[in-house]
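Asker:
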Amino acid sequence: MCSIDSSLVAVITFGSSEIHFIRVTNGRLVQDRTLNLQHNCSGIAHHHGNLYITSGTDLYQYTVDGTLLSKLNNDTTGLLESSSCAVSPDGERIYVANKAQEDSNLVTLSRDGRVISKLTDPAMYWLEQLPPGLHVTDSGQVLVCGVFSSLVFQMDRDGRQKLAEVVKRKNEVPLSVFFSWRTGSLIMGLLDNNNIMVFKAQ
Numbered sequence: 137m138c139s140i141d142s143s144l145v146a147v148i149t150f151g152s153s154e155i156h157f158i159r160v161t162n163g164r165l166v167q168d169r170t171l172n173l174q175h176n177c178s179g180i181a182h183h184h185g186n187l188y189i190t191s192g193t194d195l196y197q198y199t200v201d202g203t204l205l206s207k208l209n210n211d212t213t214g215l216l217e218s219s220s221c222a223v224s225p226d227g228e229r230i231y232v233a234n235k236a237q238e239d240s241n242l243v244t245l246s247r248d249g250r251v252i253s254k255l256t257d258p259a260m261y262w263l264e265q266l267p268p269g270l271h272v273t274d275s276g277q278v279l280v281c282g283v284f285s286s287l288v289f290q291m292d293r294d295g296r297q298k299l300a301e302v303v304k305r306k307n308e309v310p311l312s313v314f315f316s317w318r319t320g321s322l323i324m325g326l327l328d329n330n331n332i333m334v335f336k337a338q
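FYI, our numbering numbers position 157 of the sequence shown as 293, with every residue one higher than the one before it.
#1: Using three-state DSSP, classify ALA259 as helix, strand or coil.
#2: Helix or strand or just coil, what does DSSP make of VAL223?
#3: Taking contact to mean 3 or more Cβ pairs, one atom from each stretch, closer than 8 Å, check whether the segment 145-159 and the segment 239-252 are in contact.
#4: Name the residue from VAL283, LEU195, ILE140 whose alpha carbon lies nearest to the alpha carbon of SER312.
#5: Can you name, in chain order, every residue of its own chain whose Cβ lies under 6 Å from the Cβ of SER297, other than the five neighbours on each side?
#6: Could you tell me which of MET333, MET260, SER139, ASP168 sits nearest to VAL223, measuring between CA atoms?
#7: If you drop the 5 nearest sequence neighbours on each side, which residues of the same chain put their C-beta closer than 6 Å to that of LYS254?
#8: Give me the Cα-Cα distance between LEU327 and TYR231, rounded to the nearest whole angstrom.
#9: Leaving out five residues before and five after MET260 in sequence, what residues of the same chain have Cβ atoms less than 6 Å from its Cβ?
#10: Measure the beta-carbon distance from PHE335 to SER316 and round it to whole angstroms, keeping in mind my assumption that it falls under 8 Å.
#11: Please determine, among SER286, ASP294, LEU266, the residue with the shortest C-alpha to C-alpha distance to ARG305.
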């Protein structure tokens, strides 16, 4: 899921080829429209009117109206089984969660798809069916859910190293993360848990 504007979000279901746009109207969630693509969707991000969508080995860029702008394949990116993705505020960095055989890694790409870095860390292990939450804050901080390590990490801009463990929840599996600069809160969704965790930034 990604935010399009203050009242509109785009949602995918893992492995589907549909993008559902949901609008908040008078405090209710209303189906706005649906885009049908010619490929499966694994992850989605939005930046300045464009959608970035992963589909395993490929990374696509569309307008929000569904016009294909570009496609980067694994010959360029080295992606094998990509899932979540996120884009930096300036659009210069694209972050993709990638499953490579027994390893999980965070791949950082330039705007044109060049690989800047590929970080593999045991604490960032995830499954194809349980893709990790990725989020880039308005100030450019990169947050990654460690999933089975029960951690949320802050990464450096180029995705080369972990800077800090932001949240640790023992015996819980973080799958999504978001930082709201308006409230100064870190919001986290968990596997098999109907509650949303909210942490005040220190």
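No residue lacks a Cβ here, since even glycine has one placed at the ideal position from N, Cα and C.
What you are looking at is a predicted structure, and each value in this text was computed from that prediction instead of being measured.
Answerer: Reading off the structure:
#1: If DSSP states are grouped into helix, strand and coil, ALA259 belongs with the helices.
#2: In this structure, VAL223 counts as strand in the three-state DSSP scheme.
#3: Counting Cβ pairs under 8 Å, fewer than three are found: no touch.
#4: Here the closest residue by C-alpha is VAL283.
#5: Note that residue 297 is Gln in the sequence shown here, rather than Ser. In its own chain, leaving out the 5 sequence neighbours on each side, no residue places its CB closer than 6 Å to the CB of GLN297.
#6: For the residues MET333, MET260, SER139, ASP168, the minimum Cα distance to VAL223 belongs to SER139.
#7: These residues qualify, in order along the chain: ASN241, VAL243.
#8: Using only the alpha carbons, I get a separation of about 22 Å.
#9: Here MET260 has SER240, GLY282 as same chain residues with Cβ atoms under 6 Å from its own Cβ, once five neighbours each way along the sequence are excluded.
#10: Rounded, the Cβ-Cβ distance is 11 Å, inconsistent with contact.
#11: When only C-alpha atoms are compared, the closest one is SER286.
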